[in-house]
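So the protein lines, in turn, are chains X, F, Y, V and G. Per the numbering used here: the first sequence = residues 66 to 611. Per the numbering used here: the second sequence = residues 17 to 187. Per the numbering used here: the third sequence = residues 22 to 681. Per the numbering used here: the fourth sequence = residues 2 to 101. Per the numbering used here: the fifth sequence = residues 3 to 491. The structure appears below as structure tokens.
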Amino acid sequence: MPAGPLLSILIFLPALGALALLFLRSDDHEWIRRLAFAVSLAEFILSLWWLLRGVPLGGTGYKLEEFHQWIALGPHGSAPQTFINYHLGADGISLFLVILTTFLTVVSILCSWNSIGKRVKEFFVMLLMLEVGVVGVFLSLDLFLFFLFWEVMLIPMYFLIGIWGHERRIYAAVKFVLYTMAGSILMLVGILWLYNATGTFDLPSIQRALQDGTLILSRGTETLLFLAFFVAFAIKVPLFPFHTWLPDAHVEAPTAGSVMLAGVLLKMGTYGMIRFCLPLFPDASRRFAPAIAVLAIIGIIYGALVALVQPNLKKLVAYSSVSHLGFVVLGIFAFHIVSIQGAVFQMLAHGVSTGGLFLLVGMLYDRRHTFEISQFGGLSTPLPRLAAFFLFVALSSLGLPMLNGFVGEFLILLGTYQVHWSWAAWAATGVILSACYLLWSYQRVFFGEITVEKNKSLPDVSVRERWILASIAVITLWMGIGSTFITGRTANASQSVLDQMVRPPRAYEAVAPAKPMPTVLLPATVAASQGSATQKQISIERLGTR
Amino acid sequence: MGCAVTAQLAIFFVLATLAVLGALSLIFQRHPIHNALSLIVVMIALAGLYLLMGAEFVAAVQIIVYGGAIMVLFVFVIMLLNAGVEERTNVSKLAGIAGIPLAVALLGFLAAAIARSNESAQAGLQSGTLANTKEISTMLFREFVYPFELTSFLILVAILGAIVLAQREKS
Amino acid sequence: MLILEHLWIIPLLPLLGSAVNGLLGGKWPNKIVNSVALGATGLSFLFAVEAVREFLRLPSEQIPWVQKYFTWIAAGDFRAGFDLQIDQLTVVMLMVVTGVGFLIHIYSTGYLAHEGGYYRFFSYLNLFMFFMLILVMAANYVLLFVGWEGVGLCSYLLIGFSFLKKSAADAGKKAFIVNRIGDFGFMLGMFLLFRTFGSLDFVTVFSKAAPLQPDALGQFGIMTVACLLLFMGATGKSAQLPLYVWLPDAMEGPTPVSALIHAATMVTAGVYVVARSHVLFTHAPTAMLVVAIVGCATAIFAATIGLVQTDIKKVLAYSTVSQLGYMFLACGVGAFSAGIFHLMTHAFFKALLFLAAGSVIHAMGGEQDMRRMGGLSKKIKWTYVTMLTATLAIAGFPPFAGFFSKDSILFSAFQSANGGPNTGHILYAIGLLTALLTSFYMFRLVFLTFFGKQRYDEHHVHVHESPWSMLGPLVILAVLSTVGGWFAAPSFWGGADYFSNFLAPVLGGGGESAATETAAHSLEMILAVVAIVTALIGFAIAFWLYIRRPGKPEALAKSMKGAYNTLLNKYYIDELYAAVIVNPLMWISTNVLWKFVDVAGIDGTVNGVASSATSLGDTIRHAQSGNTRSYAVWVVIGALVIIAVIFFWPAAGIVFGRVR
Amino acid sequence: MVPTSYYLILSAILFGLGVVAFVFKRNVITIFMSIELMLNAVNLAFVAFSQARHQSDGQVFVLFVIVVAAAEAAVGLGIIILTARNRQSLNVERVDLLKL
Amino acid sequence: MPAFPNTSDLLRVLPELIWCGFGALLMLLQPLVKSRQVLTTVAVIGALGGIVGNFYAVHNPGAAFGGLVAADPFSIFFSHLVGLVAVLVILGADSYLRREGLADAEFYALVLFATAGMGVLASAQELLTAFIGLEMSSISSYILAGYRRDALKSGESSMKYFLLGSFATAFFLYGIALVYGVTGTTNLLKMDSAEPTSTLLKLGLALILIGLGFKVAAAPFQIWTPDVYEGAPTPVTALFSAGPKAAAFALLLRIFADVHAATQFWFWAFWILAALTMFAGNLGALLQTNVKRLLAYSSIAHAGYILVAFAAVTTLAKDPEIGAGPAYAAILFYLLTYALVKVGAFTIVSQYGGAGEKHLQFDDFAGLGERQPWVAALLSLFLLSLLGLPVTAGFLGKFYIFKVAVDSHLIWLAVLMAVNSIVGAYYYVRLIVVMYMREPSAELAATVPARFPLSVNVVLAITAFGTIFLGLFPSKTLNYLLQANLLNR
């Protein structure tokens, strides 16, 4: 196991790659592609190697931590000097999300091998920068750092949609940016508020302080903070009714963009919910859970129904994401270990299968330059292999047992049922509907006689495409059968999320016992080097209504 | 003594009315020259008031610099541009409708606030002896020397500006 | 003990066959594909036999024999393993699946010899075998669900095998979705079971459930609800009311598929699950009653539709639905072994019927409409004979298999007292009527097909007997459907019912006390006679209508047009579903959810906010009139504002106090 | 003895009138004059206060104000000449090329 | 009271003296030296010299001229800031002046005088000095605004700026007069004695606030900004947006620090000003199609953000635990980042505008991303910084303002600011869209991209580097700004 700042390397390796790309001649497409591919592949392998080794099975807490004081913030309370820290770490949950990211980056670089015509260099630079942002989000343990990567990720995505997208790309890109920012800027206020309450941005410290009751948020404060965070995440997920940016963004984005968007970016929202909303604001989470569950269920059914009637294949897949992510949110806010496990698994599963669907849709687009289902039909005659892969991925996405989609959905529903049977019952209808829209669209695209003349002579999957799809298929199958490989590693992390929701009984009393906050606010590693902040009881009266 | 008081009051009111009238005529006269003249009236009236307060030096400067130099400059420019009677356009709706009332409101507020403020009531005896020219000059060249020197640069800037802006294009 | 240790081999072989054929078969000649597919199935059949042999040697305390291979899903305290188990019930199913499956594989090699996508077909068929074996061998509900969904998938693939036909594709989709609706219930059932028993392994669940106090009739306790939910799944898979609609359409698939999946094996999975969960069901009389009623209703309902169908396979399809109804009726009245017994016999004769029908169709060059057949008995003797055997079996003539199984079902229905004394008799009556109809439409089929004058054009179709690869299985099945019922035969002349005794360890029942035995026995004899008579009546009517007076049926149809059309159009159920569920759903999704809520509502709001902001910006821009005087006024306004705020700031404090 | 408040009130009035004039007049030069008027009001206030407090720094301030006013006058008139040249009009309302 | 200003006094005001001196020197050289390079070099040296001139004050800070001016870390920071701005503006202006065929000696001289004025303003502890400094910078600004004499717009902007500016100055002066009347002094340090209930003090502070509010373009006094910024020569606009504003803010901060009453009276005024200004700037910018004008509006918006921090100052000053220190730091840091970014952006605009500043419409920027990738990239960087995206200085600036706003529990003001950031995002993004996602018009695509002269590239390099550097490693700067004796007491 190599030592050193592994996570930093993981985060910034793609940035280096992007930098290197800048020095290539911009018309030398072949080498640009190769370099980008090499970098992303290296990143993927490294992430597999280091993370799987570094985050051992059955370990608890954050591993591979890196901690440096970064930006001085001046005095806070009695602490003479507080810092924004450069704090990285990985646990079971972030582990696989990072691997998913690196994997999908490789895939999306491969899938844009020939389909990107203009400004190839910039394109791959943007893809790699996007990877930087996303991996950073999953690995940062400092709220400030998290927010930083969260915002950084916007720009490449924005350009990916806006420059290499389809007809209404600009509208979609702007919509995407504004929507996300609207949420994140409020989250920033929330983060600062939390800092104001705790005197640190360091996530583990805040969690510890909240758990042993050295820090107490009043009910009102917790509520507002929770909302500030949750809305940002809900927009990202996207949870009904914040979802309308998604169809546009997906339809207009280039294939690689959609893959990353659906595969990874949406997960940032649910990841945020698990990582922040539940552990930091358990009380508020519990109070809002019913409402959120209702929204999630609406999202599940609504997304499925709207997907059912989409004339546009890519939009259909986009809405299906809304439906699937609804499951994840439901699983998270059922607060049951099984459902949370399921949610984490479903994030990964959805990343792979929906990513795969977008790949396939993109391949169809490369051949026919349209997403209109009416333009297809009977394609399995000219494209038998493509059809086979499509069916495979579609089945995994509709949750066929032995494929990855089933495990996640099943666990989510199972866990949810243990707590609120009616939620599970409603959500389970989504299982029916997913079969409806996927199979129906599949039939309209691939079955029957060929109606459009152009479709008669389409080339079947190329070798490159076959490799991509095969890898997706293999992973899908493997996740469906060997799910314990993943769930085993996410188990402790998920459990600790639930543990962190437990508060010492007196934590909710009106007035906190006035004991000075010890260095508990700081990771043991650096406790010595830093002053200590005092505990503060923030009350809504002081904050909100003055 | 009493008569002195009344005399001073009388003078004050005369000059004050003069000043206000001048100001009003500045507003209502339509030819720039008349405006300039009415402004000069105001300045002279103020100079008188300064004298009344016993600030001879300021009074003198007021007459020389303001009345003399600045206003002459104004008149000169008016002549140069042979500005005619001001045309009463009403392009600005805002000024046309709300302008005067608001300005008057501001005026009223200022006057009222000052009138009602207790500080201004504690008016010490006016005695012309204090704050004589000598003292002023010493202050000017001792503690206020820095701003004084800066003003020289300020005037330099003014000259520069006049050159830059008003010089005719050679080419 | 070799195979029992490695039960996984039995399902794995077909999977391998499927994978090999699916990935490589495309370039191979049919021979190799055949050998792979048949090899896989045949081997797994042999292994199954060996496994059964070893199983029969097991001491009873080792039964059920459970093998845990690896943990498939685990989260929290939930664990679903890839565990296979084998007990008497499994043995029966195992034999039926592998045996019949193997035969049908053989048959298919002949039947599809000239079709395209040969390798695809066998790959699917093997895959089906895999999932079906998982289904019957699974040791917990989750793994069972794997098979459950998997067979559904395969039926989807095989129905839509000729995907160029829209009808085929539609049927496949319909099958899958309707099954999904059932699965919805099935999953919820599983969740409830896990919530109650903390596990989904059969052994644990049943051992924990057995001692529990059964729910009273009409009480919706956990058991009842769970059972009803499971049964919902069963109705989907086994095509019971109201979810039977997919099965008739499924006949779009190639005939062997209909035989294997939609007659012999898959559709019986529902019955299997109910029997498997009998411990739960016996604790839930309400659920039992529901099962019985639904089964009974389906039986008669489907039979009536079967009366008038003219497509040979459709007739068989509805008869399948009807027979499945029988099986549920059996389970519903607590005669699980009877149900399974009928399941087995039905597997034999119904598979045979389909294959024979397939052979007929093959002979007629693809013709399926019985009105264009007739008089084939001489031309295709083997087919005719085997088909006749099967018909006798299903119609319930002794000594054919169907007689015994159907008889024991009716018998137990008659006896059942669950839900009032008369319920049993009503069920029995309906069952009997169904039997009458069955024998009628089956003989109608036979007569229309094989007798009377030929109604097809000699020049276009040259009728020919099928190859032996097809006839072989027919013969074997014919034998089976003749002797298949004899397990239970002895009980007639006072002997023991071997079959139910064999299943007793699993399903209970079996050895009753001698006293009731005799009483029951005499009653059984009477009922048997009645049944035989009924069958004869059915035969007679058919004979009279289609041999003696060939013109009569049309006349009848004319005379009672309404009834006839209703039956012909299957009670317009499909149309009803379309009108009540599908179309409204589509309309709402399109116009309300998508167009209104999404585009107009949410997006409208968002864009509305944006546009209002821009218009506000426009007004602010227009304050920038460019006129210095106005600017001056603005400054004055600002001055006034600031002065006002500063002067009256306590007031301001009150005003803005909230928003700060 | 004239109370200081009288002077202050007068200065307030003059200042206010200056504001009024600024808003009311159209001729650039006159507007500039109204600014001068305001400055005069300021001076009056300064002088009054300095007298009231027997401090002379107020008067020093006045001198600076006057000097600055002179400088402003030079520049301001230069600007006025410039614009007058450029567009043959002294009416401030005609100077609205820059807007919105 | 020293007999005559001793050397330490002079050394402490050295920067201002150097700037003025070089200004005068340039005017002397102008008739003699024809070479533009020489003049530019001299000017740059002068500007830099001013920065270097701080060396004495850095090592022994303190008041000068008996408290007329202070040479404390605060004023040192500002003289660095304005000096830097001067350097950048002069460098950026050189090629611009050539292109427009404008005399440069005067220009540089005026810039230097203005800089000196700002320096004085920032370091003044005495309202008289402040007034003089204010006038120095203002009068020079009036002239600079009209520097393109023959351009109608330039003259107009100059006139509007002049008229309204002196109008506001009058208010400022009257305020000083009243404050003087109450406290009997114009020295900020001596004003604490004043009892904060007095009506006149309130009025005086109100009027001062009006005067300064005009200088910093706080709504509704922002009204002059767009016109003046648009009309003025672009380098001058760069100067305006960075320099005078910063200086005026500096004076406001000093008044806060010293005049206790101000913190009491001004809170709600600032609350409202901040809200109004943010909205006025952002909403007004939404529909602009002229880049220069757009940036003008955006600078209004940013003034609004800074005012939020001022509102925070008023409350934090009362908070014994935290104190106003962080708020000061936030404001100064923001001013620094903002100056860098704005100067950079305007420099690009001044270059790209072309002769007579023709190409300032959005359409002229279409497809810039392909025609001049580096320019587009830099401009995008600046825009993103203005928009406040991470790893740019603008983000941290905004972040700290949010922080102090939250620390002083101005949650709703913070939320308003958040809302405004979204509105702002819209138009910055719009410009980026134009640059990268629109195809240029045929004739525009045909025009060969003008290569930027070295001096400009230097400016861009400095600003860009600063933008990134401050975005990643602000600690040193912040620690400097957070030091306890920022205002030397």
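Glycine included, each C-beta is placed from N, C-alpha and C at the ideal position.
Problem - Nearest-angstrom Cα separation, counted from F:Gly100 out to F:Ile43 - result: Position 27 of the second sequence, counting from 1, holds the residue named residue 43 of chain F. Position 84 of the second sequence, counting from 1, holds the residue named residue 100 of chain F. If I take the Cα positions, the gap works out to 16 Å.
Practice task
Per DSSP, which residues does X:Ser205 bridge with? Please list them.
Solution key: The residue you call residue 205 of chain X lines up with position 140 of the first sequence. Paired residue(s): X:Leu153.
Exercise for the section: Starting from Y:Leu105, follow its DSSP beta bridges and name the residues at the other end. Expected result: Here residue 105 of chain Y corresponds to residue number 84 of the third sequence, with the count starting at 1. Its beta-bridge partners are Y:Gln88, Y:Ala159.
Practice task
Would you please verify whether the beta carbon of V:Glu94 is less than 9 Å from any beta carbon of chain Y?
Solution key: Residue mapping note: residue 94 of chain V aligns to position 93 of the fourth sequence, counting from 1. Cβ-Cβ to chain Y under 9 Å: yes for V:Glu94.
Exercise for the section: Taking C-beta pairs closer than 9 Å, name the residues in chain V that G:Thr188 reaches, listed in chain order. Expected result: Mapped onto the fifth sequence, residue 188 of chain G falls at position 186. Simply Asp58, Gly59, Phe62.
Handout entry: Minimum Cβ-Cβ distance from Y:Ile664 to chain F less than 9 Å
Key = Sequence index remark: in the third sequence, residue 664 of chain Y carries index 643 (1-based). Judged by the 9 Å Cβ criterion, Y:Ile664 is in contact with chain F.
Exercise for the section: Could you check if Y:Tyr593 is buried or exposed, using at least 16 other CB atoms within 10 Å of its CB as the buried criterion? Expected result: Taking the first residue of the third sequence as position 1, residue 593 of chain Y is located at position 572. When all chains shown are included, Y:Tyr593 counts as exposed.
Problem - Selection from X:Pro524, X:Leu460, X:Ile363 that minimises the alpha carbon distance to X:His415 - result: Residue 415 of chain X sits at position 350 when you count from the first residue of the first sequence. Restricting attention to X:Pro524, X:Leu460, X:Ile363, the CA atom closest to the CA of X:His415 is found in X:Leu460.
Practice task
With DSSP as the reference, please indicate the residues paired to F:Val60 in a beta bridge.
Solution key: On the second sequence, residue 60 of chain F is found 44 positions in, with the first residue counted as 1. Here the sequence assigns Ile to residue 60 of chain F, which means Val is not the residue at that position. Note: F:Ile60 sits in no beta bridge, so no partner.
Practice task
Would you mind stating whether X:Asp348 and X:Arg284 have Cβ atoms separated by less than 9 Å?
Solution key: Along the first sequence, one-based indexing puts residue 348 of chain X at 283. Along the first sequence, one-based indexing puts residue 284 of chain X at 219. Going by C-beta atoms, X:Asp348 is nearer than 9 Å to X:Arg284.
Handout entry: Length of the line joining the Cα atoms of V:Phe65 and F:Thr167
Key = Looking up residue 65 of chain V in the fourth sequence gives position 64. Looking up residue 167 of chain F in the second sequence gives position 151. V:Phe65 and F:Thr167 have their alpha carbons spaced roughly 8 Å apart.
Practice task
Can you pull the chain B residues whose beta carbon is under 9 Å from the beta carbon of Y:Thr649, in chain order?
Solution key: Of the protein chains in the structure, X, F, Y, V and G, none is chain B.
Problem - Selected residue, minimal CA-CA separation from G:Gly48, among G:Leu16, G:Ala124, G:Phe269, G:Ile424 - result: Numbered from 1 along the fifth sequence, position 46 holds the residue referred to as residue 48 of chain G. Minimum Cα distance to G:Gly48 is reached at G:Leu16.
Practice task
Could you check if Y:Val603 is buried or exposed, using at least 16 other CB atoms within 10 Å of its CB as the buried criterion?
Solution key: As a first step, residue 603 of chain Y is located in the third sequence; it is residue number 582 there, counting from the start. Label assigned to Y:Val603: exposed.
Practice task
Out of G:Pro476, G:Glu323, G:Gly306, G:Ala407, state which residue places its alpha-carbon closest to the alpha-carbon of G:Gly426.
Solution key: Within the fifth sequence, the letter at position 424 stands for residue 426 of chain G. Of G:Pro476, G:Glu323, G:Gly306, G:Ala407, the residue nearest in Cα terms is G:Gly306.
Handout entry: X:Gly126, buried or exposed, once every other Cβ within 10 Å from all chains shown has been counted against 16
Key = One-based indexing of the first sequence puts residue 126 of chain X at position 61. X:Gly126 is exposed by the Cβ-count criterion.
Handout entry: Whether V:Asp97 touches Y:Thr649 by CB criterion (9 Å)
Key = Counting from one through the fourth sequence, the residue named residue 97 of chain V turns up at place 96. Counting from one through the third sequence, the residue named residue 649 of chain Y turns up at place 628. Contact: yes.
Problem - For X:His152 and G:Gly167, the rounded distance between their alpha carbons - result: One-based indexing of the fifth sequence puts residue 167 of chain G at position 165. One-based indexing of the first sequence puts residue 152 of chain X at position 87. Using only the alpha carbons, I get a separation of about 50 Å.
Practice task
Between the Cα of Y:Gln344 and those of Y:Thr331, Y:Gly572, Y:Gly327, spot the shortest distance and give me the residue it belongs to.
Solution key: Reading the third sequence from its first residue, position 323 is the one you call residue 344 of chain Y. It is Y:Gly327 whose Cα lies nearest to the Cα of Y:Gln344.
Handout entry: Given X:Glu437 as reference, the closest of X:Leu331, X:Val171, X:Val200, X:Asn377 once Cα atoms are compared
Key = As a first step, residue 437 of chain X must be located in the first sequence, where it is residue number 372. Ranking X:Leu331, X:Val171, X:Val200, X:Asn377 by Cα distance to X:Glu437 puts X:Asn377 first.
Practice task
Mark V:Glu94 as exposed unless 16 or more other C-beta atoms lie within 10 angstroms of its C-beta, in which case mark it buried.
Solution key: For the purposes of this step, residue 94 of chain V is taken as residue 93 along the fourth sequence, with counting starting at 1. Result: buried.
Problem - Closer than 7 Å at the beta carbon, the chain V residues around F:Tyr162 - result: In the second sequence, residue 162 of chain F corresponds to position 146, counting from 1. Near F:Tyr162 there are no residues of chain V at all, since even the closest Cβ is about 12 Å away, more than 7 Å.
Exercise for the section: For Y:Ile658, decide whether its Cβ has a neighbour in chain F, counting only Cβ atoms nearer than 9 Å. Expected result: As a position in the third sequence, residue 658 of chain Y is number 637, starting the count at 1. Yes, because at least one Cβ of chain F sits closer than 9 Å to the Cβ of Y:Ile658.
Practice task
Check each residue of the region 254 to 274 of chain Y: if its Cβ is closer than 7 Å to any Cβ of chain X, include it; give the result in chain order.
Solution key: none
Practice task
Flag Y:Ala634 as yes if its beta-carbon sits less than 9 Å from any beta-carbon of chain V, otherwise no.
Solution key: Within the third sequence, residue 634 of chain Y is the residue found at index 613, counting from 1. By this cut-off, Y:Ala634 is not an interface position.
Practice task
Spell out whether any CB of chain F is found under 9 Å from the CB atom of G:Pro7.
Solution key: If you number the fifth sequence from 1, residue 7 of chain G lands on position 5. G:Pro7 counts as touching chain F.
Practice task
Please say whether Y:Tyr347 and Y:Gly360 have beta carbons closer to each other than 9 Å?
Solution key: On the third sequence, residue 360 of chain Y is found 339 positions in, with the first residue counted as 1. On the third sequence, residue 347 of chain Y is found 326 positions in, with the first residue counted as 1. The answer is yes: Cβ separation under 9 Å.
Practice task
Return the bridge partner residues of Y:Arg100 from the DSSP annotation.
Solution key: The count along the third sequence starts at 1 and reaches residue 100 of chain Y at position 79. Beta-bridge pairing links Y:Arg100 to Y:Ala95.
Practice task
May I ask you to report which of helix, strand or coil DSSP gives Y:Ile675?
Solution key: Counted from its first residue, the third sequence places residue 675 of chain Y at position 654. Summary for Y:Ile675: the model assigns pLDDT 45, below 50, so the residue's position carries little reliability, and this model does not support an answer.
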